[in-house]
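Peer 1: First the structure, which I've put down as structure tokens, then a few questions once you've had a look.
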Amino acid sequence: MTTVRAAITQTTWTGDKESMLDKHEQFMRDAAAQGAQVICFQELFYGPYFGITQDKKYYRYAEPADGPIVQRFAALAKELHMVAILPIYEEEQTGVYYNTAVIVDADGTILGKYRKHHIPHLESFYEKFYFRPGNLGYPVFDTAVGKIGVHICYDRHFPEGWRELGLNGAQMVFNPNASKPGLSNRLWELEGPAAAGANQYFVLVPNRVGKEDNEYGDLAVNFYGTSYVVDPRGNYVGELGSSEHEEVLIRDLDLDAIRDTRDDWQFYRDRRPDAYGEIVAP
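Per this note's numbering, the sequence shown starts with residue -18, numbered consecutively.
See below:
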């Protein structure tokens, strides 16, 4: 049996970047102390969720994918022998910004990055003001704990990306979020388990939690936490995270369950890509 101990985290904006970085470093150390081998933070982990408003001051949270924040956590990953998925605000060049997750291996090597493909633009989620759509496809990274893919927040509403990650060999797909009550409530319950069951891999979904009224006052939304992990049959692994408080969830993933599930349900054998042409028609 190949078991991976995974961690996902949820917390609320403290009010400043440095304390958020310190908090997430401690999350990583706490997870390592509990035997975690891989960790993923929430979407845009070291800042507020600035899609609440359209304000160019938040562009200053962007930095290169090999910048100081990633270098800090890459060094920590090497120290703790832990794979890290770091959801950052990426600056490719001045004025060109992406919602990105950087993948760091357990030896501190920066393996690459995923850029969020699907960018919403609706009330309290004004993301097109901040991000260009991702342009790097759906890469899967061969890490010390297995093959990892990423799908960021709003991406989860689009099943095509989940399937691409499965076809590219993902065993674990991390889906960092900033999700709040409203239209997404029922989808939050459905989409992760459905994606895991349809594609027969583990899905790990960290979410922000709490109200960032220290940044946005009356405009603040209440992120509902309830981070979770799902197995290849679409079942939760352990309990959901708190809906109110910060938390580090530690879950054991039996990677042999992927093969067992695919042997029982031959979805990859029986799929018909020759019949799906209209899906990708412009």
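Just so you know, even glycine gets a beta-carbon here, dropped at the ideal spot from N, CA and C.
Could you please give the first and the last residue of the uninterrupted beta strand (DSSP E) stretch that includes residue 183?
Peer 2: Where residue 183 is concerned, the enclosing beta strand (DSSP E) stretches over 183 to 186.
Peer 1: Could you please give the first and the last residue of the uninterrupted alpha helix (DSSP H) stretch that includes residue 63?
Peer 2: Residue 63 -> no alpha helix (DSSP H), and no H or E assigned at all.
Peer 1: Indicate the three-state DSSP secondary structure (helix, strand or coil) for residue 132 in the structure shown.
Peer 2: Reduced to three states, the DSSP call for residue 132 is coil.
Peer 1: Hey, residue 227 and residue -8 are a contact pair by Cβ (cut 8 Å); roughly how many whole angstroms apart?
Peer 2: About 4 Å; that satisfies the 8 Å criterion.
Peer 1: Can you round the beta-carbon distance between residue -12 and residue 61 to whole angstroms, since I take them to be within the 8 Å contact cut?
Peer 2: About 11 Å; that fails the 8 Å criterion.
Peer 1: Start and end of the alpha helix (DSSP H) containing residue 260?
Peer 2: No alpha helix (DSSP H) holds residue 260; DSSP gives it neither H nor E.
Peer 1: Can you tell me whether residue 7 is helix, strand or coil according to DSSP?
Peer 2: In the structure shown, residue 7 sits in a helix (DSSP, three-state: H, G or I).
Peer 1: Nearest to residue 247 by CA position, among 236, 179, 157, is which residue?
Peer 2: Looking at the Cα atoms, 179 is the closest of the given residues.
Peer 1: Taking C-alpha atoms, which residue in 136, 33, 260, 198 lies nearest to residue 100?
Peer 2: Closest option to residue 100, Cα to Cα, is 136.
Peer 1: Mind the definition here: the stretch -2 to 8 touches the stretch 19 to 37 only if three or more C-beta pairs lie below 8 Å; say whether that holds.
Peer 2: Output reads yes: the stretch 19 to 37 touches the stretch -2 to 8.
Peer 1: Distance check for residue 229 and residue 270, CA to CA, integer angstroms please.
Peer 2: This structure cannot settle anything about residue 270, because the visible part of the chain is limited to -18 through 263.
Peer 1: Look up residue 94 in the DSSP assignment and give the residues it is bridged to.
Peer 2: Its beta-bridge partners are 83.
Peer 1: Count Cβ pairs between the stretch 121 to 139 and the stretch 157 to 168 that sit closer than 8 Å; are there 3 or more?
Peer 2: Segments in contact, yes.
Peer 1: From this set, 206, 153, 146, which residue's C-alpha is nearest residue 165's C-alpha?
Peer 2: The shortest C-alpha separation from residue 165 is found at 206.
Peer 1: Which parts of the stretch 136 to 173 are runs of the alpha helix (DSSP H), unbroken and 4 residues or longer, counting only runs that do not cross its ends?
Peer 2: As far as the stretch 136 to 173 is concerned, its whole alpha helix (DSSP H) runs of at least 4 residues are 140 to 148.
Peer 1: Taking DSSP's pairing of strands, which residues face residue 252 in a bridge?
Peer 2: None; residue 252 has no bridge partner.
Peer 1: Check this for me: beta carbons of residue 129 and residue 181, under 8 Å apart or not?
Peer 2: No. Outside cutoff.
Peer 1: Count Cβ pairs between the stretch 101 to 117 and the stretch 143 to 151 that sit closer than 8 Å; are there 3 or more?
Peer 2: With the cut-off at 8 Å, the stretch 101 to 117 and the stretch 143 to 151 do not touch.
Peer 1: How about residue 232 and residue 219: do their beta carbons lie closer than 8 Å?
Peer 2: Yes, Cβ-Cβ distance for residue 232 and residue 219 is below 8 Å.
Peer 1: By how many angstroms is the C-alpha of residue 37 removed from the C-alpha of residue 71?
Peer 2: Taking the straight line from one Cα to the other gives about 15 Å.
Peer 1: Please report how far the alpha carbon of residue 121 lies from the alpha carbon of residue -2, in whole angstroms.
Peer 2: Using only the alpha carbons, I get a separation of about 29 Å.
Peer 1: To the nearest angstrom, how far is the alpha carbon of residue 125 from that of residue 43?
Peer 2: If I take the Cα positions, the gap works out to 28 Å.
Peer 1: Between residue 199 and residue 127, what straight-line distance do the alpha-carbon atoms span, to the nearest angstrom?
Peer 2: Going by the C-alpha atoms only, they are around 43 Å apart.
Peer 1: With distances taken Cα to Cα, identify the nearest neighbour of residue 184 among 50, 245, 146.
Peer 2: It is 146 whose Cα lies nearest to the Cα of residue 184.
Peer 1: Give the secondary structure of residue 100 by DSSP, where H, G and I count as helix, E and B as strand, and everything else as coil.
Peer 2: The answer is coil: DSSP assigns residue 100 none of H, G, I, E or B.
Peer 1: Whose CA, out of 95, 68, 115, 170, lies closest to the CA of residue 215?
Peer 2: That would be 170, whose Cα lies nearest to the Cα of residue 215.
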